[in-house]
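A short write-up of the structure that comes next.
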Amino acid sequence: MSAAYYKTEASVNEYIELAKDVDGALLIDKLKHYLPSNSSVLEIGSGPGTDWNILNKFYQVVGSDNSEEFLKHLREQNSNGQFINLDAVTLKTDEIFDGIYSNKVMHHLTDVELNKSINRQFDVLNTNGIICHSFWRGEDSEIFKGLFVNYHEKINLEKFYQDKFDILYLDYYNEFDKDDSILIIAKKK
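Residue numbers (full-length UniProt numbering): 1 to 189.
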């Protein structure tokens with residue numbers, strides 16, 4: 001994965017502007033059905049912090065990103081927040097969480113990287129921990145603004161998660177177009 005796009009102040013500011021009217025409020029509302037308030041949550045890929053701010057109203061959330069520019073922005077905007085530099089594949093942290101959340105982050109991983117990340121997520125979750133991830137729907141992959149984007153369908157997401165997680169919710173939703181996105185919520189086996 002080439003994450004060079006998120007490494008400069010100019011590209012981070014461009015992304016923040018592009019994403020200013022987009023948030024995961026509907027995804028977080030679904031998550032609240034499965035993960036109790038005040039649970040500890042790791043957000044993978046906090047980016048501009050929009051979803052972190054929503055999550056932080058309900059959970060004890062630790063934000064993360066693999067871009068120092070995004071982390072700088074997050075810390076400036078949320079001086080009381082906890083943010084760590086974290087790669088979505090290796091998730092090198094000693095902390096254990098009740099839940100893990102990401103909004104359109106895991107699709108930047110190749111199939112091999114996604115499998116490694118799922119295994120690592122299993123390791124950093126408490127017993128019966130919950131994951132909640134959104135993906136772009138589709139087939140194949142492409143490079144968009146220098147970033148790898150791996151599209152998914154429900155059937156292949158099931159295959160990725162079913163060995164380590166019981167799938168609680170898996171369905172399409174609308175981000176920009178009808179059924180252009182997929183949300184998965186699952187519980188650690």
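Yeah, the Cβ is synthetic: ideal placement off N, Cα and C, and Gly gets one too.
In this text the structure is predicted, and so the values were computed from the model without any measurement.
So with Cβ pairs under 8 Å, would you call residue i a contact of chain D?
i: residue 54; result: No chain D is present in this structure, which holds just one protein chain.
Let me confirm a value: residue i is counted as buried when at least 16 other C-beta atoms fall within 10 Å, else exposed. Which label applies?
i: residue 17; result: exposed
i: residue 146; result: exposed
i: residue 105; result: buried
i: residue 118; result: buried
i: residue 2; result: Residue placement at residue 2 is poorly supported in this model, since its pLDDT is 41, which falls under 50; the coordinates are not used for a value here.
i: residue 79; result: exposed
Nearest to residue i by CA position, among the options, is which residue?
i: residue 160; options: 34, 114 and 39; result: 114
i: residue 197; options: 154, 188 and 42; result: One cannot answer for residue 197 here, as it falls past the ends of the chain, which runs 1 to 189.
i: residue 38; options: 68, 86 and 99; result: 99
i: residue 109; options: 89, 49, 28 and 171; result: 89
i: residue 127; options: 35, 26 and 31; result: 35
i: residue 70; options: 59, 57 and 85; result: 85
i: residue 59; options: 28, 123 and 45; result: 28
i: residue 82; options: 93, 63 and 91; result: 63
Helix, strand or coil for residue i per DSSP?
i: residue 184; result: strand
i: residue 148; result: strand
i: residue 169; result: strand
i: residue 117; result: helix
i: residue 33; result: coil
i: residue 44; result: coil
i: residue 55; result: helix
i: residue 125; result: strand
Can residue i and residue j be called in contact, C-beta distance under 8 Å?
i: residue 157; j: residue 182; result: yes
i: residue 179; j: residue 120; result: no
i: residue 142; j: residue 149; result: yes
i: residue 167; j: residue 132; result: no
i: residue 47; j: residue 21; result: no
i: residue 124; j: residue 153; result: no
Taking 7 Å as the limit between beta carbons, can you name the residues of its chain near residue i, skipping five residues before and five after?
i: residue 61; result: 41, 43, 52 and 55
Below 8 Å CB to CB, which residues in the same chain sit around residue i once its five sequence neighbours on both sides are set aside?
i: residue 77; result: 49
i: residue 31; result: 99, 101, 130, 132 and 185
Near residue i, which residues of its chain fall below 6 Å by C-beta distance, leaving aside the five closest residues on each side in sequence?
i: residue 25; result: 54
i: residue 170; result: 154 and 184
With respect to 7 Å, is the separation between the Cβ of residue i and the closest non-hydrogen atom of the ligand NAP below this value?
i: residue 29; result: The ligand NAP is not among the ligands present in this structure, which contains no ligands whatsoever.
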